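> Dropping a structure here in structure tokens format, bear with me for questions.
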Amino acid sequence: MARLPGMTVPTFAAASEVPPERDAWRAMFALSLGFFVSLLDQSMIAVALPRIQADLSANVNEVLWVSAIYLLAVVVPLLFTGRLGDIFGQKKMFQCGVSLFGIGALMCALAPNIQILIAARAVQGIGASLQMPQTMAVINRVFARERRGRALGAWGVIGSVASLTGPLLGGFLVGAFGWQAVFWVHMPFVIAAVVLSAIWVPVLQTTSRKIDVLSVFVSFLALTALVFGIQQGPATGWPVWIWALLAFGCLALAGFMCLQATAAARGTEPLVPLQLFADRNYAVGSVAIVTMGFMAASMMLPLMLWLQNEKGMPAGTAGIIVAPMAIVSLVVSPLAGILADRLDPRRLAMTGFSILVASFGAAFAVIISDVSAWWMCAPIALLGFGQSFIWGSNAATTMRDVAPELMGAASGVYNTSRQVGSVLGVAGVSAALQAAGIATSLWVIVAVLAVGLCASLFFRDTLHGAGAAHQG
337 MARLPGMTVP TFAAASEVPP ERDAWRAMFA LSLGFFVSLL DQSMIAVALP RIQADLSANV
397 NEVLWVSAIY LLAVVVPLLF TGRLGDIFGQ KKMFQCGVSL FGIGALMCAL APNIQILIAA
457 RAVQGIGASL QMPQTMAVIN RVFARERRGR ALGAWGVIGS VASLTGPLLG GFLVGAFGWQ
517 AVFWVHMPFV IAAVVLSAIW VPVLQTTSRK IDVLSVFVSF LALTALVFGI QQGPATGWPV
577 WIWALLAFGC LALAGFMCLQ ATAAARGTEP LVPLQLFADR NYAVGSVAIV TMGFMAASMM
637 LPLMLWLQNE KGMPAGTAGI IVAPMAIVSL VVSPLAGILA DRLDPRRLAM TGFSILVASF
697 GAAFAVIISD VSAWWMCAPI ALLGFGQSFI WGSNAATTMR DVAPELMGAA SGVYNTSRQV
757 GSVLGVAGVS AALQAAGIAT SLWVIVAVLA VGLCASLFFR DTLHGAGAAH QG
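Going by our numbering, the first residue of the sequence shown is number 337, and it counts up by one from there.
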């Protein structure tokens, strides 16, 4: 993007040359606008789907693809888009991604039929995939190691605000102006993100690297097969062709890993540098974020079904009952971010996962008891408290010792792990709901969170004490 007249953009040649803290916070604010608008989109679109179906005369399968194609377009390119930031610069890729997201939103708002709307949602998803890994990569490069926890804690606040305001704002906009308004509202945020990132986000050093086209192609095949298969399995009843597609995806994924291991011998650079996983904290954090993605994407399925179908609550009232989760996260996340820079990461992770497990146990007790639905506010608030200790601190601990030249790739893998967890969560809990009912489906989430809890025991404190000087 061309510089504005009279504008000076800072350039930093090495990861050790971090900007002054005030400049780092400005950069994070600009980046967070892109993060905010992508989360706002995801939380608003569900509210708009019934009106979209009615206005565009779409069938159920078509309107579900409005959401499904977006997730597919986000997940599949993530490994590639993360690496693009290392090669061409995180700032440039962030601006391209936010701009493409905005173009997709404009196409959605003007879509005359469901087919064009679905195609426009794919454009939006690709834009989100392009900007998403750059945000985390830049935050980890412009903040000193000992300050990243509070930065990512503030980043978590942005997510909480988007999750809280999205359904409320979406409901108002759809009711007052029609479904197109949920896309028009993105435009001020997109413009602000592009302009402010041009001014406040520094140009960080890049390394001239080759793109392994074969690895990109195979990763696209693997992730498309796996994500599409997992998405469509519950809706189609898991026919043979879905299992064949998943088997193909697993084989393609194995082939992709072989390509990464042999990249040097083939005279190219890996799309996913396997040395990332030699860092214990990166490996552990990647497992933990899969479990958190699983929980975040799936937890509202049984809870909202219980509130609306079992307790007969309208959607608006059900939304009020689940609002305490975002409100508590909004308050606690900054404190958790400060603690992430001061405490052993195992303490925060174990605390967060333990509270989440207890929260779902409490939700189970409310569901099986003949009590008012308003009692669900307590475990919902506890969910917000528990997750505040994981999102930011897990990201800070996972990325803290990644080499700067690998930051984009590392962020791409981290975000891919979270999104794959989300896809698995929706599919797994949907299957549990059909097979065992609402209350029992909560234990599927608990079992996955237990994996995250066990993984977090293996975090190493590289910020304090003897391990602070080197990565784990």
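Built from N, CA and C at the ideal position, the CB exists for glycine as well.
None of the values given here were measured: they were computed from a predicted structure.
1) Which partner residues does V658 have in the DSSP bridge list?
2) Do you know offhand how far P356's Cα is from T776's?
3) Excluding five sequence neighbours on each side, which residues of the same chain lie with their C-beta closer than 6 Å to the C-beta of S352?
4) Using CA coordinates, which residue listed in C444, L446 and T417 is at the minimum distance from C432?
5) For L789, collect the residues of the same chain with a Cβ closer than 8 Å to its Cβ; drop the 5 residues on either side in sequence, then sort them by chain order.
6) To which residues of the same chain is L778 closer than 7 Å at the C-beta, ignoring the five residues directly before and after it?
7) Taking the C-alpha atoms as reference points, what is the distance between I838 and A580?
8) Given a threshold of 16 other Cβ atoms within 10 Å of its Cβ, counted over all protein chains shown, does G648 qualify as buried or as exposed?
9) Between W515 and I388, which are expected to be in contact by the criterion C-beta below 8 Å, what is the C-beta distance as a whole number of angstroms?
10) At what residue ranges does the stretch 358-422 contain a whole run of the alpha helix (DSSP H), taking only runs of 4 or more?
11) Should N449 go down as buried or exposed, given a rule of 16 or more other Cβ atoms within 10 Å for buried?
12) Would T471 be called buried (16 or more neighbouring beta carbons within 10 Å of its own) or exposed?
13) Using the C-alpha atoms, what's the distance from C713 back to S403?
14) Could you tell me which whole beta strand (DSSP E) segments of length 3 or greater appear in the stretch 472-523?
15) If we ignore side chains and look at the alpha-carbon of each, how far apart do T501 and G591 end up?
16) I believe R486 touches I674 by the beta-carbon criterion, under 8 Å. Please report the beta-carbon distance rounded to the nearest angstrom.
17) Where does Q426 land, buried or exposed, given buried means 16+ other C-beta within 10 angstroms?
18) DSSP state of I789, grouped into three classes?
19) Would S465 and V410 qualify as a contact pair, given that the criterion is a beta-carbon distance under 8 Å?
20) Do you know offhand how far R339's Cα is from V493's?
21) Any idea what DSSP makes of V563, helix, strand or coil?
22) Out of F365, G370, V749 and W401, point me to the one whose CA is closest to A382's CA.
23) To the nearest angstrom, how far is it from the Cα of M337 to the Cα of N751?
24) Write down the C-beta distance between S551 and L607 rounded to the nearest angstrom, noting that I regard them as a contact closer than 8 Å.
Short version:
1) DSSP output for V658 lists no bridge partner at all.
2) 51 Å
3) Any reading at S352 is ruled out, since the residue's pLDDT is 49, under 50, leaving its predicted position unreliable.
4) T417
5) A685, M686, F689, S690 and V693
6) Only P638, F696, A699 and F700 meet the Cβ criterion.
7) Residue 838 is absent from the structure shown; the chain starts at 337 and stops at 808.
8) exposed
9) 5 Å
10) 396-411
11) exposed
12) buried
13) Cα to Cα, the separation comes out at about 28 Å.
14) none
15) 42 Å
16) Confirmed, about 5 Å.
17) buried
18) Per the sequence presented here, residue 789 reads as Leu, with Ile not at that position. In the three-state reduction of the DSSP assignment, L789 falls in the helix class.
19) yes
20) With a pLDDT of 38 at R339, under the threshold of 50, the modelled position of that residue is not reliable, and no figure is offered here.
21) For V563, the secondary structure class from DSSP, reduced to helix, strand or coil, is helix.
22) W401
23) For M337, the predicted model reports a pLDDT of 41, less than 50, meaning its position is unreliable; a value from the coordinates is still stated below. Taking the straight line joining both Cα atoms gives about 25 Å.
24) 4 Å
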